[in-house]
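> Sharing a structure here in structure tokens format.
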Amino acid sequence: MSNPTIKNIRELEEPLETLGYDFGFTRRSFVQILGAGLLIFAAAETGFSQPAPEEGRRGRGGGGGGFGGGPVKISARLHIATDGTITVLSGKVEGGQGARTEITQAAAEELGVPASQINLILADTELCPDDGPTVGSRTTPSTIPSVRQGCAAAKKLFDDFASQSPAGKKLTYADLASDANFIEAAKQNIPRNVIVSAVSEWKILGTPLARPNAHDVVVGKHKYPSDQVLPGMLYGKVLRPASFGATLTDIDLAPAKAIDGVIVARDGQFVGVAAPNSFLAQRAITALEGTAQWDSPSHPSSKTLSDYLRKNARNIPANPFADAIASAAKKLTATYEVPYVQHAPLEPRAALADWKDGKLTVWTATQNPTGVRRELAGAFHIAESNIRVIVPDFGGGFGGKHTGECAVEAARIAQAAQKPVLLRWTRPEEFTWAYFRAAAVIDLTATLDENGAITSWFTTDINYGTPGIESPYNIASKHSEFIESKPPLRHGSYRALAATANNFARESFMDELALAAGKNPLEFRRAHLNNDRLLAVLNEAAKQFDFSARRAKSDSKKIGVGIACATEKGSYVAACVEVEIAADQTIRVNHICQAFECGAIMNPSNLEAQVQGALMQGIGPALREATAFENGKITNASFFDYEVPRFAELPMMDIHLLNRPDLPSAGAGETPLIALAPAINNAVFHATGKRVRQMPIRLS
Amino acid sequence: MPASISFTLNGKATTVEADPDRPLLEILREDLHLTGTKYGCGEGACGACSVLANGKRIFSCSTSITEVAGKSITTIEGLASGDTLHPLQQAFLDDRGFQCGYCTAGMIMNAAALLGTKPNPTEAEIREGMNGNICRCCAHTRIIRAIQHATELAKA
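Put into structure tokens, the structure is as follows:
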């Protein structure tokens, strides 16, 4: 390794140029991990990282709509040991969303073996094919089909060999694991036309299989990234800047170095420590904080966030539908605002870094293992082939763990310490130095004709993004645009991305239009929808909730009901909500009735959990969550001040999963979140007559 | 200056040499290599670090090792009897009372404390008793069901 340096950490969020793959690992390392048997090839041979232009990226075995190539050869997807153990490999990660369960089911289904016979290794860049980052609800529509194809190809090979075996001898996978001809045959590419099992034939997919490593979780044995241990390991901590953008102008390292067993790593703006335990590491950081001098730039306040975003927005376009406006019976305009929101996974970022002979191994929590490897390569100026990233099943992501800053920091401290270093961010660090769900200012203008039909629709989303910005409604003239601004905080992905904000604005505004048109909000939506799948969930939620009757009945100032619907990433959702307004004007969600459809259901239990989780999690940003900042500091970087949902406010939830075995399965981690906030907002209006145009939705 | 502090840990007499101000959570995880107990916030706001001290829930992240001297501490690793899971562990497994599982140890330990004082809690009592524990995946519905189920398993 030559002249290792670390860049300013804030630069690392930018995409880094890849160095190309040149895996040099040997068969021996596989044998150690997987046991003897069907040979898995070095990645360079499998081609999974460098798919030919006509394959891989387009999805045959493809790892995700342009994300990752997926494996090309059967042997890169699975390994059969001579004892019959089948190890399936995927670059996806498990952060609680159920990838481990569903990939196991998919493999077992196609291989024709019980799920218990599958050993699934996830997200080890040295072993697993690059299935792309675990983002965008892509595991279900991209990785699952890829796994099924690879395993179906292996099963076909098995069947071919079995049919040629001497009569009376029943072949097992174990028999074939040492068969040289089978091993040779498994080097073949996963055939383009391999036939996977029909949904009607599913025996393992479609069932509520439990998470395979659930037992380890309930006995405290599962090792999360923050639980990783290596012999001789030290505990790291990082000196954080005094405020966002602050520059370190002077520091005396001596007081920290004087603490017994403490090692200090200084590299430009970066200062980190390692110590035999976290207590000593913190003592060293406290000593460093005492001597550090910072130059802090000015930074905007969350109190004036919307003004700041609008002022810094680039070229807000004019409404293109001047004619429609001129001839409209009514024109409505509104602005909706959403703040920065925390992901707050319960396990803060953690990484264990170990340098050995110029090679770096990092165990960390990330949704993007190959991206983290790229970040590390860029930060240390070493080849990716010298870096291995392993992602143990971790404690929550929600779109908030796409990056590798903690891994880079741990590796830099470990380099200085010349020992393995475990770095676990604290909650205040996670609340401050991770990235946030973006804030947005959304302007909407729509026109109605004399019959109450929408004739034009124009939306601009300042600062957040395009997901969910397109209206699913049947409107002759509609146009939406995302407009970049100058984000004051580091923002990034979040569960459902900008669809959380854009659907909040659109579905709330739909109710404003319904009111202006003198229509019931349900009927108003129906009148503008010709999407059968969206109509199906809307009708189901309304029916199960008894929306029309409850809407007509609940005219008290305390109780209101609202409805909203949305489609995103190939799945469809509608929510009906009842809220209750307390005397102090706080809003309580009493009841959520949600219908959700994502094609063929692969695991009804896991799907229900995802929908329940999305709804309960979504109550936080809808009613309370907002990141507050002032003078370059987060002022509510604590679970006492930033209040996420808790047991006391769990509403009645009835969830209706519409199974469509005739349609391909779509992901379900995100879309179940996006109809809730507008449904709550519409219910609040119904109860109070007061239209709130911001999240969190507050009356006082 | 390190001090010698003795307590009972999962039924075994235990003595550690440690700075008296270090939190119990850190001693459990870093000195005694029991990593089942989790860090979530460091200030008793999330419950991930919950363990039992003489049967009562404490936040091990904000309890110094000195404070547990002479007490009986139970962690998630000490809850099962050999291979037989504690009713709460079995119920969390059966009812899938978690998604990522990072909050699970704290949930189970706090629920154990709750059932210690209220063997047959109402749903309202479960909600109130568990309100100090955060589940970010939001498996609350199933956690409540698991605790209710555990009360039945405990009777069986």
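If you read the sequences in order, they're chains Z and B. Once you know that position 540 of the first sequence is 540 in the working numbering, the rest is easy, because the numbers rise by one and skip nothing. Position in the second sequence (first residue = 1) + 1000 = the working numbering. Each residue gets a CB set at the ideal place from its N, CA and C atoms; glycine is no exception. As the structure is a computational prediction, the values presented were derived from the model and not from experiment.
1. Please decide whether Val217 of chain Z counts as near chain B, where near means a Cβ-Cβ distance under 7 Å.
2. Tell me the DSSP secondary structure of Asn189 of chain Z in three-state form.
3. Please list the partners that Ile1042 of chain B has in chain Z, where partner means a Cβ-to-Cβ separation under 7 Å.
4. Count the other C-beta atoms from every protein chain shown that fall within 10 angstroms of the C-beta of Pro114 of chain Z, then say buried if there are 16 or more, exposed otherwise.
5. At 8 Å on the CB atoms, spell out the chain B contacts of Phe640 of chain Z, in chain order.
6. Which residues in the same chain as Gly1129 of chain B place their Cβ atom closer than 6 Å to its Cβ, once the five residues preceding and following it in sequence are excluded?
7. Taking Ser302 of chain Z and Phe629 of chain Z to be in contact with their CB atoms under 8 Å, please state how far apart those CB atoms are, rounded to whole angstroms.
8. Does the distance from the CB of Ala575 of chain Z to the CB of Ala679 of chain Z come in under 7 Å?
9. Identify the continuous alpha helix (DSSP H) that holds Asn503 of chain Z and give its terminal residues.
10. Do Leu360 of chain Z and Ala318 of chain Z count as a contact pair if the criterion is CB distance below 7 Å?
11. Does the beta-carbon distance from Gln228 of chain Z to Leu248 of chain Z come in below 7 Å?
12. Where does the unbroken beta strand (DSSP E) through Ser485 of chain Z begin, and where does it stop?
13. Take Leu120 of chain Z as the anchor and find which of Z:Val561, Z:Ser142 and Z:Thr85 has the nearest alpha-carbon.
14. On the DSSP letters alone, give me the boundaries of the beta strand (DSSP E) that Phe954 of chain B sits inside.
15. Enumerate in chain order the residues of its own chain whose CB-to-CB distance from Ile144 of chain Z is below 8 Å, with the five nearest sequence positions on each side excluded.
16. From which residue to which residue does the beta strand (DSSP E) around Ala417 of chain Z run?
17. Suppose contacts are defined by Cβ-Cβ distances below 7 Å. Is Cys1061 of chain B in contact with Leu1034 of chain B by that definition?
18. Please report how far the alpha carbon of Leu127 of chain Z lies from the alpha carbon of Leu89 of chain Z, in whole angstroms.
19. Is the Cβ of Ala214 of chain Z closer than 7 Å to any Cβ of chain B?
20. Less than 7 Å between the beta carbons of Ala324 of chain Z and Ser456 of chain Z, yes or no?
21. Only counting the same chain, and skipping five residues up and downstream in sequence, which positions put a Cβ closer than 6 Å to that of Ser700 of chain Z?
22. Using the three-state DSSP reduction, which class does Ser1081 of chain B fall into: helix, strand or coil?
23. What is the rounded straight-line gap between the Cα of Arg28 of chain Z and the Cα of Ala383 of chain Z?
24. Between Gly290 of chain Z and the rest of its own chain, which residues show a CB-CB distance below 8 Å, the 5 nearest in sequence each way excluded?
25. Out of B:Glu1043, B:Ala1013, B:Glu1077 and B:Thr1075, which has the shortest C-alpha to C-alpha gap to Ala1069 of chain B?
26. Residues of the region 1131 to 1143 of chain B with a CB closer than 9 Å to any CB of chain Z: list them in chain order, please.
27. Within 7 Å of any Cβ in chain B, is that where the Cβ of Met616 of chain Z sits?
28. What residues from chain B crowd round Thr278 of chain Z, counting only those whose CB sits closer than 8 Å?
29. Closer than 8 Å, Cβ to any Cβ of chain Z: which residues of the region 1096 to 1124 of chain B, in chain order?
30. Rounded to the nearest angstrom, what separates Gln1099 of chain B and Gln610 of chain Z at their Cα positions?
31. When you compare the CB of Glu1017 of chain B with every CB in chain Z, is at least one pair closer than 7 Å?
32. Does Ile195 of chain Z pass the burial test, meaning 16 or more other C-beta atoms within 10 Å, or should it be called exposed?
33. Quick one: what does DSSP say His79 of chain Z is sitting in, helix, strand or coil?
34. Counting only runs of 4+ residues fully inside the region 535 to 591 of chain Z, write out the alpha helix (DSSP H) ranges in chain order.
35. Please list, in chain order, the chain B residues whose beta carbon lies closer than 8 Å to that of Met653 of chain Z.
36. For Phe1092 of chain B, decide whether its Cβ has a neighbour in chain Z, counting only Cβ atoms nearer than 7 Å.
Well, looking at it:
1. Taking the first sequence and counting its residues from 1, one reaches residue 217 of chain Z at position 217. It does: the Cβ of Val217 of chain Z has a partner Cβ on chain B nearer than 7 Å.
2. To locate residue 189 of chain Z, count along the first sequence from 1; it is residue 189. Correct three-state label for Asn189 of chain Z: strand.
3. Numbered from 1 along the second sequence, position 42 holds the residue referred to as residue 1042 of chain B. Reading off the sequence shown, one finds Gly at residue 1042 of chain B, where the question assumed Ile. Result: Thr426 and Arg427.
4. Taking the first sequence and counting its residues from 1, one reaches residue 114 of chain Z at position 114. Pro114 of chain Z should be labelled exposed.
5. As a position in the first sequence, residue 640 of chain Z is number 640, starting the count at 1. Per Cβ cutoff of 8 Å: Glu1043 and Ala1045.
6. As a working mapping, residue 1129 of chain B is identified with position 129 in the second sequence. Excluding positions up to five away in sequence, the list reads Leu1114.
7. What you label residue 302 of chain Z is simply residue 302 of the first sequence in a count that begins at 1. What you label residue 629 of chain Z is simply residue 629 of the first sequence in a count that begins at 1. Right, their Cβ atoms sit about 5 Å apart.
8. Mapped onto the first sequence, residue 575 of chain Z falls at position 575. Mapped onto the first sequence, residue 679 of chain Z falls at position 679. The answer is yes: Cβ separation under 7 Å.
9. Position 503 of the first sequence holds residue 503 of chain Z. Looking at the DSSP string, the run of the alpha helix (DSSP H) that includes Asn503 of chain Z is Ala499 to Ala517.
10. In the first sequence, the residue the question calls residue 318 of chain Z occupies position 318. In the first sequence, the residue the question calls residue 360 of chain Z occupies position 360. Contact flag unset, no.
11. Position 228 of the first sequence, counted from the start, is the residue given in the question as residue 228 of chain Z. Position 248 of the first sequence, counted from the start, is the residue given in the question as residue 248 of chain Z. For Gln228 of chain Z and Leu248 of chain Z, no; Cβs fall outside 7 Å.
12. Along the first sequence, one-based indexing puts residue 485 of chain Z at 485. First-last for Ser485 of chain Z: undefined, no H or E at that position.
13. Translated into the one-based positions of the first sequence, residue 120 of chain Z becomes position 120. Cα-wise, what sits closest to Leu120 of chain Z is Z:Thr85.
14. In the structure as shown, chain B starts at 1001 and stops at 1156, and residue 954 of chain B therefore has no counterpart that could be examined.
15. In the first sequence, the residue the question calls residue 144 of chain Z occupies position 144. For Ile144 of chain Z, where only same-chain residues beyond five positions count, the Cβ hits under 8 Å are Glu102, Ile103, Ala106, Met602 and Ser665.
16. On the first sequence, residue 417 of chain Z is found 417 positions in, with the first residue counted as 1. It is not in any beta strand (DSSP E) - Ala417 of chain Z instead sits in the alpha helix (DSSP H) that spans Glu405 to Ala417.
17. One-based indexing of the second sequence puts residue 1061 of chain B at position 61. One-based indexing of the second sequence puts residue 1034 of chain B at position 34. Not in contact: Cys1061 of chain B and Leu1034 of chain B (Cβ atoms no closer than 7 Å).
18. Taking the first residue of the first sequence as position 1, residue 127 of chain Z is located at position 127. Taking the first residue of the first sequence as position 1, residue 89 of chain Z is located at position 89. Near 7 Å, if we compare the C-alpha coordinates of Leu89 of chain Z and Leu127 of chain Z.
19. Here residue 214 of chain Z corresponds to residue number 214 of the first sequence, with the count starting at 1. Interface residue, yes.
20. Walking along the first sequence from the start, residue 324 of chain Z turns up at place 324. Walking along the first sequence from the start, residue 456 of chain Z turns up at place 456. Against a cut-off of 7 Å, the Cβ pair of Ser456 of chain Z and Ala324 of chain Z comes out as a contact.
21. For the purposes of this step, residue 700 of chain Z is identified with residue 700 of the first sequence, where counting begins at 1. Contacts found: Gln585.
22. Position 81 of the second sequence holds residue 1081 of chain B. Strand.
23. Locating residue 28 of chain Z in the first sequence gives position 28, counting from the first residue. Locating residue 383 of chain Z in the first sequence gives position 383, counting from the first residue. With a pLDDT of 43 at Arg28 of chain Z, under the threshold of 50, the predicted position of this residue should be treated as unreliable, and no value is reported.
24. As a working mapping, residue 290 of chain Z is identified with position 290 in the first sequence. Contacts found: Pro255.
25. Mapped onto the second sequence, residue 1069 of chain B falls at position 69. Selected option, being the one with the closest Cα: B:Ala1013.
26. Asn1131, Gly1132, Asn1133, Ile1134, Cys1135, Arg1136, Cys1137, Cys1138, Ala1139, His1140, Thr1141, Arg1142 and Ile1143
27. Walking along the first sequence from the start, residue 616 of chain Z turns up at place 616. Closer than 7 Å to some Cβ of chain B, the Cβ of Met616 of chain Z qualifies, so yes.
28. In the first sequence, the residue the question calls residue 278 of chain Z occupies position 278. Per the sequence shown, residue 278 of chain Z should be read as Ser rather than Thr. Within chain B, the residues near Ser278 of chain Z are Glu1026 and Glu1030.
29. Arg1096, Phe1098, Gln1099, Cys1100, Gly1101, Tyr1102, Cys1103, Thr1104, Ala1105 and Ile1108
30. Walking along the second sequence from the start, residue 1099 of chain B turns up at place 99. Walking along the first sequence from the start, residue 610 of chain Z turns up at place 610. Answer to the nearest angstrom: the Cα atoms are 9 Å apart.
31. For the purposes of this step, residue 1017 of chain B is identified with residue 17 of the second sequence, where counting begins at 1. No - not a single Cβ of chain Z is within 7 Å of the one on Glu1017 of chain B.
32. Here residue 195 of chain Z corresponds to residue number 195 of the first sequence, with the count starting at 1. The residue is exposed, with fewer than 16 neighbouring Cβ atoms inside 10 Å.
33. Against the first sequence, residue 79 of chain Z aligns to sequence position 79. Strand at His79 of chain Z.
34. 547 to 553
35. Against the first sequence, residue 653 of chain Z aligns to sequence position 653. Going along chain B in sequence order, the residues near Met653 of chain Z (Cβ under 8 Å) are Thr1141.
36. Reading the second sequence from its first residue, position 92 is the one you call residue 1092 of chain B. It does; some Cβ of chain Z falls within 7 Å.
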